[in-house]
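A.B. asks: Input: one structure, supplied below.
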Amino acid sequence: MIRIWASEPNDANYPDVSQEIHTVSVDYTDVAVSWYGFEVHPNSPDAPNGITKVQYEVTLDPNEWWYQPGDNGIYWLSIEAIYNTIPGPNDPRWGWETCDVDPCYPDRNGALRYNFTTSTFEPVEFSGAPWDMSFVLLYVEPDLPIDGFDGLDGLDGLPGIPGPNGIPGANGFDGGNGGDAYGGAMYFDANSRPLLTNITIINCRALGGYAGYGGQGQDGGDGGDGQIGQDGQPGQNGGPGYNGGADGAGGDGGDGGAGGRGGHGGRGGRGGNGGQGGEALGGAIYFGPGCKPTIRYLTILNCWTNQGLGAPGGDAGNGGNGGNGAAGGAGGAAGTGNPDGQDGADGADGVGGNGGDGGNQYRGFPYFFYDLGGNMGPNGARSLAGAIYYGANCDANVTDVKISYCYTDVSAATDTYTAGSGGNGGNGGNGSNDAPGGMGGNGGWGGAGLPSPGGGPGGSGGSGGNNNAPDGIDGPDGGGSYSPISGYGGANYYDVNCTADFNNYIVSYCSTSYSGG
């Protein structure tokens, strides 16, 4: 708060504050504050404690000016700092830059500062000597020309926020393998020593379970569009001159903010591999490794094995499209004045985001091509022993046994299954105006299938964005796979290191088969 007071009496030798004659309220936002320095270097032992020099600069509007009457009288100027918070600062001292007491008037009081916390006046002293208050008041005679103030430059616009990248698609689950079938009538685990006597087994079979299909890969999410850049702030006009003074220069316009780039598309999820069919061992009886069975008077009729079927691979997900870049903000207009300011530059336009790659991308060493995903699942690999299967290291003692019309069946509806397709690459986003568009995503690899080359088709590369952005590369088709099936032992099958003692052992009308693929 700035106030001007009259003096009573109007005498330079005995002045005293009288009536308030002019008041100007100044908001803190209209005060230019700058740290000015120290009266004495702070490292000096003679430096005042905590007294630094800060400059507060206020320029009054002409409507707030006070014109002194022509009587050349004495007037008082008071300046107050008014805090708008309760309580105020922890140490709310507010005073003036100080200078030495005028030696011509050594008997006058020194400077005082007011403490708002204690409501007391404190003398401003240094080394025992009081210091007087001082300030600088700039003024001119009312009839002199005054130049206008220069306009402030406009603030630059904030850049646009980039678009978020798309979320990658989840991989498809691999299909479950079919369950293995061991022993259509009897199952003996490893190292068993069973005694089988007077047994007849008819029309039993071991059938491997069918596999599950590979899951579909999820599509990648699209990238978000970039945010538009903020416009630059206009430059402030220069202030008018008074009484023939020159107008102030116009401020420059602020530069526009850059446009945000488009987000990249998420990659597509990998296709799940098809599961493998289960195997079938021992249409009538299964003996695990190390078993030592004793068999007497056993008859087995019309028993067989058949493996489980494989399953197709799942298609890979497509890559997400890239987001579009946003336009840059416009530069702020220049302020008018003498001279006019410069217009602000427009912000750069945002580039487009890249398209996401399609699922089933080759990941490089040490991975193999069948790690890509979407491969067909083969049929169960083994259909062995239409009657009895002996695991490794079994020792059998067999007497009076008849096995008739038993066989291994390797027939299947098909040994070729669909392989999953590679995902298509996402399209690149467009750049704003002349900014480059995003690259198209690459297509995924097709899964392996049968018959060779019966793999799934590769995905198509995505289209590039505008302004000649490159397209993505098409993914290659998948190669061939395999589904061999062995069908040994139409009656019995003996694994490695088995021994057997047969007496009165009859096998009739049994058959075995094999299917390659």
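Letter by letter, the sequence shown follows residues 18 to 534 of this note's numbering. Backbone N, C-alpha and C define an ideal beta-carbon position, used for all residues, glycine too.
Considering Arg-20, what are the terminal residues of the beta strand (DSSP E) in which it resides?
C.D. replies: 19–24
A.B. asks: Out of Gly-476, Thr-435, Gly-440, Ser-480, which has the shortest C-alpha to C-alpha gap to Gly-229?
C.D. replies: Checked all of Gly-476, Thr-435, Gly-440, Ser-480; the closest Cα to Gly-229 is Thr-435.
A.B. asks: On the CB-based measure, 16 or more other CB atoms within 10 Å of its CB, does Trp-82 come out buried or exposed?
C.D. replies: With fewer than 16 Cβ atoms within 10 Å of its Cβ, Trp-82 is classed as exposed.
A.B. asks: Could you tell me the distance, in whole angstroms, from the CA atom of Ile-490 to the CA atom of Tyr-379?
C.D. replies: 13 Å
A.B. asks: To the nearest angstrom, report how far apart Gly-294 and Ala-486 are at their CA atoms.
C.D. replies: Roughly 46 Å between the two C-alpha positions.
A.B. asks: Asn-80 by DSSP, collapsed to three states: which one?
C.D. replies: helix
A.B. asks: Quick check: Gly-535 and Ala-465, are their CB atoms within less than 8 Å of each other?
C.D. replies: Because residue 535 is not part of the residues shown, which for the chain are 18 to 534, the question remains open.
A.B. asks: Tell me the residue span of the beta strand (DSSP E) that contains Ser-503.
C.D. replies: From DSSP, Ser-503 is part of no beta strand (DSSP E); its letter is neither H nor E.
A.B. asks: Return the first residue and the last residue of the beta strand (DSSP E) that Asp-412 is part of.
C.D. replies: 412–421
A.B. asks: To the nearest angstrom, report how far apart Asn-521 and Asn-323 are at their CA atoms.
C.D. replies: 29 Å
A.B. asks: For Ser-35, which of helix, strand or coil comes out of DSSP?
C.D. replies: Note: Ser-35 maps to strand in three-state DSSP.
A.B. asks: Have a look at Glu-25 and Ile-38 and give me their C-alpha separation to the nearest angstrom.
C.D. replies: Cα to Cα, the separation comes out at about 13 Å.
A.B. asks: Would you report the Cα separation of Tyr-204 and Trp-462, rounded to the nearest angstrom?
C.D. replies: 44 Å
A.B. asks: Count the other C-beta atoms from every protein chain shown that fall within 10 angstroms of the C-beta of Asn-185, then say buried if there are 16 or more, exposed otherwise.
C.D. replies: Here residue 185 turns out to be Pro, not Asn, going by the sequence shown. Buried, because 16 or more other Cβ atoms sit within 10 Å of the Cβ of Pro-185.
A.B. asks: How many angstroms separate the CA atom of Gly-246 from the CA atom of Arg-278?
C.D. replies: 10 Å
A.B. asks: If Gly-507 and Gly-403 are in contact, beta carbons under 8 Å, what's the gap, nearest whole angstrom?
C.D. replies: 5 Å
A.B. asks: Please classify Thr-311: does DSSP put it in a helix, a strand, or coil?
C.D. replies: strand
A.B. asks: Name the two residues that bound the continuous beta strand (DSSP E) containing Ser-95.
C.D. replies: Segment 92–96, the beta strand (DSSP E) holding Ser-95.
A.B. asks: Can you name, in chain order, every residue of its own chain whose Cβ lies under 6 Å from the Cβ of Arg-5, other than the five neighbours on each side?
C.D. replies: Here the chain covers residues 18 to 534 and nothing more, so residue 5 does not appear.
A.B. asks: Could you tell me the alpha carbon to alpha carbon distance between Ala-362 and Pro-79, rounded to whole angstroms?
C.D. replies: Counting only the Cα atoms, Pro-79 lies some 34 Å from Ala-362.
A.B. asks: Give me, in chain order, the residues of the same chain whose beta-carbon lies closer than 7 Å to that of Ile-99; leave out the 5 immediate sequence neighbours on both sides.
C.D. replies: Around Ile-99: Met-18.
A.B. asks: Exposed or buried, what is Trp-52 when buried is set at 16 or more other beta-carbons lying within 10 Å of its beta-carbon?
C.D. replies: exposed
A.B. asks: Only counting runs of 3 or more residues, tell me where the beta strand (DSSP E) segments fall wholly within the region 266–340, in order along the chain.
C.D. replies: Counting whole runs of 3 or more residues, the region 266–340 contains the beta strand (DSSP E) stretches 302–304, 311–318, 321–323.
A.B. asks: Hey, how far is the Cα of Leu-94 from the Cα of Gly-345?
C.D. replies: 51 Å
A.B. asks: According to DSSP, is Ser-530 helix, strand or coil?
C.D. replies: Ser-530 falls in the coil class under three-state DSSP.
A.B. asks: The beta strand (DSSP E) with Ala-517 in it runs from where to where?
C.D. replies: 516–525
A.B. asks: Using the three-state DSSP reduction, which class does Tyr-511 fall into: helix, strand or coil?
C.D. replies: strand
A.B. asks: With distances taken from CA atoms, which of Asn-459, Asn-290, Arg-313 is nearest Leu-212?
C.D. replies: Arg-313
A.B. asks: Going by beta carbon distance, what residues of the same chain come within less than 6 Å of Gly-492, once the five residues before and after it are set aside?
C.D. replies: Gly-439, Gly-460, Gly-461, Trp-462, Gly-475, Gly-476
A.B. asks: Using DSSP with H/G/I as helix, E/B as strand and the rest coil, what is Leu-155?
C.D. replies: Unreliable positioning characterises Leu-155 in this predicted model, as indicated by a pLDDT of 49, which lies under 50. The coordinate reading is nonetheless provided below. Correct three-state label for Leu-155: coil.
A.B. asks: Using only the alpha-carbon positions, how far apart do Ile-523 and Asp-197 sit?
C.D. replies: 29 Å
A.B. asks: Would you call the CB atoms of Gly-455 and Gly-442 closer than 8 Å?
C.D. replies: Cβ distance not < 8 Å, so Gly-455 and Gly-442 don't count as in contact.
A.B. asks: Does the separation of the CB atoms of Ala-17 and Gly-249 fall below 8 Å?
C.D. replies: Residue 17 falls outside the range modelled here, since the chain spans only 18 to 534, and no answer is possible.
A.B. asks: With DSSP as the reference, identify every bridge partner of Val-50, one or two as the case may be.
C.D. replies: Tyr-73
A.B. asks: Determine whether the beta carbon atoms of Gly-177 and Ala-430 lie at a separation below 8 Å.
C.D. replies: no
A.B. asks: Do Gly-437 and Gly-305 come within 8 Å of each other at the CB atom, strictly closer than that value?
C.D. replies: Contact: no.
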